[in-house]
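For the record, the sequence lines run as chains A and B.
Read in order, the letters of the first sequence correspond to residues 1 to 114 in our numbering.
Read in order, the letters of the second sequence correspond to residues 1001 to 1932 in our numbering.
Single-structure report; data block below.
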Amino acid sequence: MPEIKSGILQGTLDLMVLKTLDAMGPLHGYGIARRIEQLSEEALQVNQGTIYLCLVRLLQKRWISAVWGASENNRKAKFYSITKAGRKQLSAEAENWKRVSGVIGRMLQLATRS
Amino acid sequence: MLTRIRALAARVRAFATPRACDRDFDQELESHLAMLAEDKVGRGMTPEQAHRSARIELGGLSQLREAHRESRGLPLVDAVLNDLRYALRALRKDAGLTAVAVMTLATGIGVNTAVFTAYNAVALRPIQAPEPHRMVQITRSNGDDFYSYPDYAYYRDNSKTFSGLAAMGFGHSFSMGEAGSPPPTDRSIVAGAAGFRFPRALAGSPERASSIGISGNYFRVLGVHPAIGRMFLPEEDGAKAAPVALVSQNFWERRFARDPGLLGRHLTLNGVRVTIVGITSRDFSGTWPIVPDFWLPLSLQSRLASPAADLIRDRNSVCCRVYGRLPAGTEAVSAEAEMNALAARLEFAFPARQDGPTRERSRLVFVPASPFGHPDARATAFAMAILAAVGLILLIACANVASLLLARSATRQREIAIRLAIGAGRGRILRQLLTEYAVLSLLAGATGVLLSWWSLRFLMVQIAAALPNYLTVALHVAPDYRVLMYTLFLSMAATVASGLLPALRASSPNLTAALKDEGSTSGGFLRKSLLRDWMVGAQVSVCLVLLIAAGLLTRTSQRALQIDLGFDYRNISMLHVSSPAATTSPAQLAARRTQLAQRLASLPEIQSVAAASRVPLGGGIRAIAVSINGASLYDPGTQSALYNLVTPGYFATMGIPILRGRNFTAQESRGGDNFDGSPAIVSEATAKLFWPGQDPLGKQFAFGPGRNNLRFSGEGSPHSVSSVVIGVAKDVRSVSLKGVDQTCLYLPVTVDRGGTIFLRARGNEGKALAAVQHEFEASRNGLEGELLDSRTAFTNQAGFVASRMGAIGSAIIGALGLLMASVGIYGTVGFVVTQRTQEIGIRMALGAQRWNAMGLVLTETMRPVAIGLTAGFVGAAIVSRLMSSYLFGLSSLDSVAFLGAAGVLMVSALLAGYLPARRATWVEPMTALRHE
Chain A
1 MPEIKSGILQ GTLDLMVLKT LDAMGPLHGY GIARRIEQLS EEALQVNQGT
51 IYLCLVRLLQ KRWISAVWGA SENNRKAKFY SITKAGRKQL SAEAENWKRV
101 SGVIGRMLQL ATRS
Chain B
1001 MLTRIRALAA RVRAFATPRA CDRDFDQELE SHLAMLAEDK VGRGMTPEQA
1051 HRSARIELGG LSQLREAHRE SRGLPLVDAV LNDLRYALRA LRKDAGLTAV
1101 AVMTLATGIG VNTAVFTAYN AVALRPIQAP EPHRMVQITR SNGDDFYSYP
1151 DYAYYRDNSK TFSGLAAMGF GHSFSMGEAG SPPPTDRSIV AGAAGFRFPR
1201 ALAGSPERAS SIGISGNYFR VLGVHPAIGR MFLPEEDGAK AAPVALVSQN
1251 FWERRFARDP GLLGRHLTLN GVRVTIVGIT SRDFSGTWPI VPDFWLPLSL
1301 QSRLASPAAD LIRDRNSVCC RVYGRLPAGT EAVSAEAEMN ALAARLEFAF
1351 PARQDGPTRE RSRLVFVPAS PFGHPDARAT AFAMAILAAV GLILLIACAN
1401 VASLLLARSA TRQREIAIRL AIGAGRGRIL RQLLTEYAVL SLLAGATGVL
1451 LSWWSLRFLM VQIAAALPNY LTVALHVAPD YRVLMYTLFL SMAATVASGL
1501 LPALRASSPN LTAALKDEGS TSGGFLRKSL LRDWMVGAQV SVCLVLLIAA
1551 GLLTRTSQRA LQIDLGFDYR NISMLHVSSP AATTSPAQLA ARRTQLAQRL
1601 ASLPEIQSVA AASRVPLGGG IRAIAVSING ASLYDPGTQS ALYNLVTPGY
1651 FATMGIPILR GRNFTAQESR GGDNFDGSPA IVSEATAKLF WPGQDPLGKQ
1701 FAFGPGRNNL RFSGEGSPHS VSSVVIGVAK DVRSVSLKGV DQTCLYLPVT
1751 VDRGGTIFLR ARGNEGKALA AVQHEFEASR NGLEGELLDS RTAFTNQAGF
1801 VASRMGAIGS AIIGALGLLM ASVGIYGTVG FVVTQRTQEI GIRMALGAQR
1851 WNAMGLVLTE TMRPVAIGLT AGFVGAAIVS RLMSSYLFGL SSLDSVAFLG
1901 AAGVLMVSAL LAGYLPARRA TWVEPMTALR HE
């Protein structure tokens, strides 16, 4: 599904990263990218580099924080975790997303006039 | 909002530490790649394969770094800094061209800044007081802004809206102490070039010091404190108050070497002992442009000048200008209404007095207080004209730089084409080039400020050296924020004016042509030469306008210097004689003057001696009311006339012919102000005005102080119930250079009445001056004297000085403009011809004659010049019509200025075309063909 791959919205990626961190706890950039790919069952392939731009944005807004730590294989990696402000943002965004997707869903269910 | 601020703060932090951020991100990417590769190895890839595939999956590392940098920091600032770095590098690489461009623009900007600084220092200068915008000057709608002391006191005591009303009188100069050193004689070159000369004080004469009279509350109203000591008390302005004075710090430093003992000491001014109570701070000049030596209470100054004056009670003579401070929150309008109500009450209480506004004629109006007075429309228009003229110089400078940059962008075309080819946007290139030109203009602006500052400092020092040292003009010429803003604005305007066109052209080259190095062959030639033609034409027309305007001004100023004044001032020197009022009685002074005049008249070097109350072209213009039909002098309809009190020898000495009737005899001369029954001589214009179409001889008339004539305290005013016209004198220009005096009454007085003594030399003036000086010093008998040679006496008068300054200034402006334009035309025309070297070579190879090819080049280069000249003529005609009120004795289409300016431009354009054309036609055809 190439259209979806390229058409991924910026805000959507932010939301996915926040949710991933909320659900999984502290993760490094590679982990986040893997996790999003797994959860979307490989249907949504994120350009792994863009994850880092998204992380910079979220860090600037202080919705996530970062510390250097050691990975499972004892490799030095930067671990990101969601902050209190991030959680608040996440719930607001999730609410918004549900509403929008509900509307879209209803729109798509409209019978096509023939 | 808070989130935004946080984000911005984070960006700034990241921007400030780019290295650390880069390192951090590189480590992160490295671990990312490693983990990705490990995963891939786990899925069965060889380490090499895994590594390769991981890299591909992550995407281009350098793009990613660039993107990361942009999203974490301040990309715009980054870009601007990059542009700046690049601009500096490019400018440094082409140092020669940069220097030429900077100097060209700097000259243009410098001239503009200098003129604006001077304008700012004069017209826009507020008085020196805290919150100067709340200080207003109270003037009248008829332009007269002097008040008598009792009127001032009435306004001061009855106004409730002002927080204070202060008065400032006239400047004066007094003799100080008993005897001192004469002023130094070394004068500056600039003063010499401008023709300034200064009176020589005769030996034994005491030193002079200047003063200004102020009301007792002056410093309090201005809100200014003396640097040392105290200010005046309100009661010290009274008629009986003990004489006190403040001195300026300038005077204290110059004359007393900062002697701390000056405070409380007594100094003698015109023979009166005055106590010094304070010292005002350095360069403080209050509501006046000149820093005085002494600040004196108004009444004291008037008593020192003439002991008989009763300034405090004399409602009929004017003595001061009035300034008020509006309290915060008070509108000027309401204060104006209150003051006009007070004026109406004054008018009602004293209907017959001359001073004060008459209801229907004038009302009180407020203008912002400024030491130079409020500029009127004419002065403002003049300043604007000068600013426009130097603006044209800057425009020409911009055109020069534009053509320089165009020429350079041709050589840079390849570099730019490559950058465009590898994907830089046109906007990006445009921004880059404009940044470069902005840096250029700002460099020029900074240089221009320095240039203007230095040249103004130099002028100021020269002018200061030229003035007698009791006159300290405090011109504040240091560039303030307004000047700097103006220069910044000019620099930015210059960037756009000189850089936009080259930048637009450079950023849109024909890519393939430029890359193939064909930028300058025939393909793009037509368009380019059209643009250059335009530039040459525009430059020529602007320069022609400037040159013609400057030429007109120069010529009109020269005319003014040669104008026939109606009298012959060559060989006439003047002698001002005075004596300390306190030590000599008026009768003694009169006797000594008479003796002196007799002794001078008997000198063999002197042809004739006379005295008069007024110096032609000098100040002291006084008017009286004249009644030719027996009506009261206070009638609203009476005429008024200027007068001059002269000794019978005046007409012979000055060379003014008596056209009809006869001269005064010695017996007819009067000693005082009463001229009842005396004869009078009138000027031709006066006769025509008062007795049109009649024979003026034998006509009777009355005169005296009238309702509208200003009188100054301590001065008498001549009056007569009946006088008879015995002669008609030739018209002279003694008030203004621009025309003959509209009225002039000559009344006969004896030499002892006072006034200036005029001496006509027999033969060499220098010898006569020496003889007069010797005679005066040999038998001075308590008199003090100042001797002025004819140049000092007449050609130093304001009208001549203004004309000379005008001539010098406009010549400088014209010369600068011509220089700029010649260089520019030479550059553009020369460039076009050089570019055509190849074509000329082909023509020559095909057998064209040398003069033929030359003719072709010259016709083509002169076409835009001719078009520019035509346009310039039209522009100049419009400009000179606008200037016509400043031109006298000259048609606004003066052929010398018009044709002269056009000729000079033609010659420089021809030369600019000829020199390179000659070079081109002398080139061997083969060399020319190999040119590219």
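Glycine included, every Cβ here is placed at the ideal spot set by N, Cα and C.
- If you look at S1678/B, you'll find it isn't in any alpha helix (DSSP H); DSSP assigns it neither H nor E.
- Counting every other CB atom within 10 Å of its CB across the protein chains shown gives S1790/B a total of 16 or more, marking it as buried.
- With 16 or more other Cβ atoms from the protein chains shown falling within 10 Å of its own Cβ, T1795/B counts as buried.
- Its chain contains D1533 as the residues whose beta carbon lies nearer than 8 Å to that of R1863/B, once the 5 sequence neighbours on both sides are disregarded; these appear in chain order.
- Leaving aside the five residues that flank I1214/B on each side, the residues in its chain whose CB is nearer than 8 Å to its CB run, in chain order, A1166, A1167, M1168, G1169, F1232, G1286, W1295, L1296, P1297 and L1298.
- In the DSSP assignment, I1840/B falls within the unbroken alpha helix (DSSP H) covering T1837 to A1845.
- Close to V103/A, with beta-carbon spacing below 8 Å, lies no residue of chain B; the smallest spacing is near 26 Å.
- Within the same chain, Cβ atoms closer than 6 Å to the Cβ of A1601/B are found at V1609, the five residues on either side in sequence being excluded.
- With contact defined as three or more Cβ pairs closer than 8 Å, the segment 1538–1557 of chain B and the segment 1743–1759 of chain B are not in contact.
- According to the DSSP assignment, M1001/B belongs to no beta strand (DSSP E), since it is labelled neither H nor E.
- Taking 8 Å as the CB threshold, L1084/B stays off the interface with chain A.
- Taking a beta-carbon distance threshold of 8 Å, L1036/B counts as an interface residue toward chain A.
- About 5 Å separates the CB atoms of I1212/B and G1171/B; that is less than 8 Å, so the two are in contact.
- W1922/B carries a helical assignment under DSSP once its states are collapsed to helix, strand and coil.
- Chain A places a beta carbon closer than 8 Å to that of E1028/B, counting this residue as a contact.
- Collapsing the DSSP output to three states places Q1742/B in coil.
- Near chain A, meaning a CB-to-CB distance below 7 Å, no residue of the segment 1150–1174 of chain B qualifies.
- Neighbours of L1058/B across chain A, judged by C-beta separation under 9 Å: N47, Q48 and G49.
- Boundaries around Y80/A are those of the beta strand (DSSP E), K76 to I82, since no alpha helix (DSSP H) includes it.
- F1372/B places its beta carbon less than 8 Å from that of V1122/B.
- CA-to-CA, the gap between L1759/B and L1488/B works out to about 56 Å.
- In terms of beta-carbon proximity, H1225/B stays away from the interface with chain A, with every pair separated by 8 Å or more.
- Each residue's CA atom was taken as its position, placing G1278/B and I1228/B some 6 Å apart.
- Boundaries of the alpha helix (DSSP H) around G1042/B: P1018 to G1042.
- In this structure L1304/B is not in contact with V1333/B, their Cβ atoms being roughly 40 Å apart against a cut-off of 8 Å.
- Here the C-alpha atom of L1395/B lies approximately 13 Å from the C-alpha atom of M1492/B.
- Legend: CB atoms of the segment 64–90 of chain A lying less than 7 Å from CB atoms of chain B belong to residues S71, N73, R75, K76, A77 and K78.
- Positions of the alpha helix (DSSP H) runs, each at least 4 residues long and wholly inside the segment 1543–1569 of chain B, cannot be given because no such run exists.
- By the C-beta density criterion, K98/A is exposed, having fewer than 16 other C-beta atoms within 10 angstroms.
- DSSP, read as helix, strand or coil, puts S71/A in coil.
- Against V56/A, the close residues of chain B are H1068, S1071 and R1072, in the order they occur along the chain (beta-carbon pairs closer than 7 Å).
- Under the DSSP assignment, R1325/B falls in the beta strand (DSSP E) whose first and last residues are R1321 to R1325.
- For H1032/B, at least one C-beta of chain A is nearer than 8 Å to its own C-beta.
- The distance from the Cβ of L59/A to that of A1010/B is about 7 Å, consistent with a contact at the 8 Å cut-off.
- Annotation for V1115/B: I1386, L1387 and V1390 place their beta carbon closer than 8 Å to its own, counting only its chain and skipping 5 residues before and after.
- Given a length threshold of 3 residues, each whole run of the beta strand (DSSP E) inside the segment 1623–1647 of chain B is given here in chain order: 1623–1627 and 1639–1646.
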